[in-house]
Amino acid sequence: MGLEQKLGNLGVVTTTLEQAVNWGRTGSMWPMLFGLACCAIEMISTIGAPQNDLSRFGMELMRASPRQSDLMIVAGRVTRKMAPVLRRLYDQMPDPKWVVAMGDCASCGGIFNNYAIVQGVDEVVPVDVYVAGCPPRPEALIHGLLTLHAKVKQEKLVKWA
Amino acid sequence: MTAQDTQLLEATIDELKHLFSPRAQTGETMVLNMGPQHPSTHGVLRLIVELDGEIIVNAVPDIGYLHTGIEKNMEAKTFTKALVMTDRLDYLNNMGNNLAYCLAVEKLMGVEVPERAQVIRVILAELQRIASHLVWLGTHANDLAVQSMLFYCVRDREYILNIFELIAGQRMMTSFMRPGGLWRDVPAGFEEAVRAFLDYLPARLDDYERLTKNNPIWLDRTKGIGVIDGPTALAMGLTGGSLRGSGVNWDIRKAMPYSGYEQYQFDVPLGSAGDVYDRYWVRMLELRQSLRLVDQALAKLKRLGPGPVITADRKVAPPPRAEIGVSMEALIHHFKFWTEGFPAPAGEVYVATESPRGELGVFLRGNGGPKPHRVHFRTPSFINLQSTSLMSKDHYIADVVAIVGSIDIVLGDVDR
C-alpha cells in the first residue's frame, strides 16, 4: 500500500485527502446482500467459498440493508416487476454508491429478449462496471470488482460532495 | 402503456381483502412485508405476513419478481436450442432440468438413449442433487444462525462445479445433456475426479451433522416447527424431501424410474413428524443416498467401457465432427440441423423426474414443426411454496425463515 511505503522515520505521511479517502473507500466496500437469479449463486461462491474468498479485498461483509451498503451487485435477470424495487433499493443507499451489473442478463438482457426482462439494468440505475458471463465465474466477478476499485481510486472528491 | 393497461395491472384494496382476516382492517393485527429483498427468502420472494403480536395469523407469498418468460421463449426456438433455457429455470439443478427436458423430447421423438449416456446422466444428475442440497443446507443453516455452514457447503460445492467444468467447460449452465444423449463423452480424468469427491464428502457430512444435529439451538429452531401431516402434504401437492419429511414414501426415481434408476440400489429416507427438522434430516440422508448412487453408477460406467453417448438416429443427433470434414452430406446435415432443427410429430408428452426439490415435470406438445408448440414445466418449488401459509400459521415470525428454508424453494423454479 502506498501509505505504508511513504511512512518514514518522522512519523509523517504526505498524501492528498482525495487519495486517502479513495483508498479507504476501496479497502472496505460493503456490498448489499441482494441476489436475483443464477448469478447470485456464483456471487455466494465468490464471497463464501474459501477458494475465492472476497475478504482478501475487504468486501466479505454483505449488508442486508441498503442503508448500510455502498455497492450494489445486480446479480441476475431484472424483471419488469422487480425493476421498481431495485430502483428503490438504489435510492435508499447512502452516497457514495456504486453498481456492478453482474452477468449478461443484468448487462443487456442476455438470452432473454422478451416481455418480462428489462434489457439491461442500466435502464434503471447507473452502472459502473459490467461483468460478462452467464453466469460469470467467481474470478470474473473479482476482476469486475477490482476494476471498480481502480475506478474509485480515480474519483474526485467533488463528485460525491 | 395506456391508462387502461395500468388499471388491469394494479389491484385495488377490495380485491386483496380476502388475503387477510377482518382483524387486519381494524388495525388489530399488523400486515408486514417480508421481501422481495430479504436475506432469508432465498431470492426475490415476497411474503405478506399478517401478525398478531409476534404470532403469524396468515402468510401470503407474492411471486413473479423473477418471471422470465422461459416457457414462451422456448416456443420460439428449435427443440435443440430450447435446451439452453432449461438450465436457467432452477439454477441449482441445471443438469436435472436438462435431463427432464431431454427425456421429454426423446419420448416425443421415440428415441432410445445409449446405455453409457444413461449412466453418465445418472452420475451428473446425482452430483447436481448433492450440489443443490449443499446450497440448501448452507443457506438454511445460515438463516438459523449456523453461519459457518454456508462457507463449508459452498466450499464443497466448488468441487462438484470443478467436475462440471472438466466435462463441459462451464460451471453452472452446462447444457451438457442433449436430446438423444450427451453433448460428448466425458474426458479422461472424469472418473478419478468423481471418485476423489466420493472419498472426500462423507467425512464432511459427518461434520455437518455434528454441527447441526447435536446443536440445541438448531433443535429448538426446527423441532415441532411448520408441521404438516402426510395426508395434508399430499393434498397440498408437496413433493420431494418436503413430502417425504411427512412420512409419505414417494420418490419418482423409485415409483416411475427413468434413465435406468431401477438398476441401482438406494433407499428413500423418510421422516415422520413432518416438521422442519424431519425435512432437514431427510435431505441429509438423501445426500448419502446420492453418494451411493454415484458410486454404483461409476462402477457400472467402468464395466460398460467405451461406447456411443448419443443416439445413432441422425434425425435427433447432429453428425459427428469428424464426418463434417470429409462428407458433404454431413456438412449439409449439420447446417440444416442447427438452422432448421428437426420436426417432431404432433402429440403431447409428460415426463416426470425427481429434482432435488420434488417432482419436476415437463409437458411438451409438438405440432409437426421443428419448434415446440407448448412447453410447460411442472416445477416443484412453485407447488411446494403454497404450503408456506399453512405451515407458518400460529408460529412466531422468526420461524418463517426456518419454514421457507425447509421447503427448499428456488425462485427461478417458482416464477420461470
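Taken in order, these protein sequences are the chains called X and P. First residue of the first sequence? That's 1 in our numbering, and the numbers climb one at a time after it. First residue of the second sequence? That's 1001 in our numbering, and the numbers climb one at a time after it. C-beta atoms are modelled at their ideal positions from N, C-alpha and C, and glycine is treated no differently.
Residue burial classification, residue i (beta-carbon count within 10 angstroms, cutoff 16)
i	result
Q1025/P	exposed
Y1277/P	buried
V13/X	exposed
N52/X	buried
L1099/P	buried
T1002/P	Confidence in T1002/P is poor, its pLDDT being 49 and thus under 50, which makes the residue's placement unreliable; the coordinate value appears in the next sentence. With fewer than 16 other Cβ atoms within 10 Å, it is exposed.
A1076/P	exposed
V1414/P	buried
M1149/P	buried
T15/X	exposed
Q1004/P	Low local confidence applies: a pLDDT of 49 at Q1004/P is under 50, so the model's placement there is unreliable, and no value is given.
T1006/P	Note that T1006/P has pLDDT 47, beneath the 50 cutoff, so the model's placement of it is unreliable and the number below is only indicative. T1006/P comes out exposed.
F1335/P	exposed
A150/X	exposed
CB of residue i within 7 Å of CB of residue j, strictly
i	j	result
R1279/P	G1241/P	yes
M1095/P	A1082/P	no
A49/X	V74/X	no
T1041/P	G1035/P	yes
A1164/P	R1155/P	With the sequence shown as reference, residue 1164/P is identified as Phe, and Ala is not the correct amino acid for it. Their beta carbons are not under 7 Å apart, which means F1164/P does not touch R1155/P by this criterion.
V1362/P	A1125/P	no
H1373/P	I1056/P	no
I1403/P	G1226/P	yes
R1088/P	C38/X	yes
L1051/P	P1061/P	no
E1106/P	P1179/P	yes
W160/X	D70/X	no
Residues that residue i contacts on chain X, provided the C-beta gap is smaller than 9 Å
i	result
P1380/P	Residues of chain X passing the Cβ test: none, with the nearest at roughly 17 Å.
V1135/P	I41, I44
L1150/P	I44, G48
Top-ranked residue by Cα proximity to residue i, from the options
i	options	result
E1359/P	N1093/P, R1088/P, P1022/P	N1093/P
L1066/P	M72/X, A40/X, A20/X, R56/X	A40/X
V1316/P	W1338/P, T1239/P, F1164/P, S1387/P	W1338/P
V1111/P	D1062/P, M1173/P, G1181/P, R1121/P	G1181/P
F1151/P	L1137/P, F1164/P, F1377/P	L1137/P
R1416/P	I1048/P, Q1037/P, I1063/P	I1063/P
G1274/P	K1223/P, L1385/P, V1119/P	K1223/P
V1282/P	V1248/P, I1252/P, V1309/P, P1308/P	V1248/P
M1236/P	R1303/P, S1389/P, M1284/P	S1389/P
N114/X	A140/X, P84/X, R87/X, R77/X	R77/X
R1204/P	A1233/P, N1142/P, Y1159/P	Y1159/P
P1343/P	E1071/P, D1014/P, M1109/P, I1324/P	M1109/P
Collapsed DSSP secondary structure at residue i in the structure displayed
i	result
S1355/P	strand
G35/X	strand
Y1396/P	strand
A75/X	strand
H143/X	helix
M1001/P	Residue confidence for M1001/P is low, a pLDDT of 44 falling below 50, so the modelled location carries little weight and cannot support an answer.
D1251/P	coil
P1216/P	helix
G1181/P	strand
L1108/P	helix
Q1007/P	Because Q1007/P carries a pLDDT of 46, less than 50, the predicted location of this residue cannot be relied on, and no value is offered for it.
L1047/P	strand
D128/X	coil
R1155/P	helix
A106/X	helix
W1338/P	helix
V13/X	coil
Partners in chain P for residue i, counting only beta-carbon separations shorter than 8 Å
i	result
K81/X	G1064, Y1065, H1067
R51/X	Note that residue 51/X corresponds to Gln in the displayed sequence, not to Arg. Chain P residues near Q51/X: R1155, E1158.
R137/X	R1171
Closer than 7 Å at the beta carbon, the chain P residues around residue i
i	result
L36/X	V1044, L1066
C134/X	M1173
A116/X	H1067, T1068, G1069
A75/X	Simply none; closest approach about 11 Å.
A64/X	P1039
Residue i: contacting residues in chain X (beta-carbon distance under 7 Å)
i	result
Q1037/P	F34, V85, L89
R1088/P	C38
V1084/P	I111
N1073/P	F112, N114
Residues that residue i contacts on chain X, provided the C-beta gap is smaller than 8 Å
i	result
L1092/P	I41
L1016/P	The contacting residues do not exist; L1016/P stays about 16 Å from chain X at best.
N1412/P	The sequence shown places Gly at residue 1412/P, rather than the Asn named in the question. Those within 8 Å of G1412/P in chain X are A37, C38.
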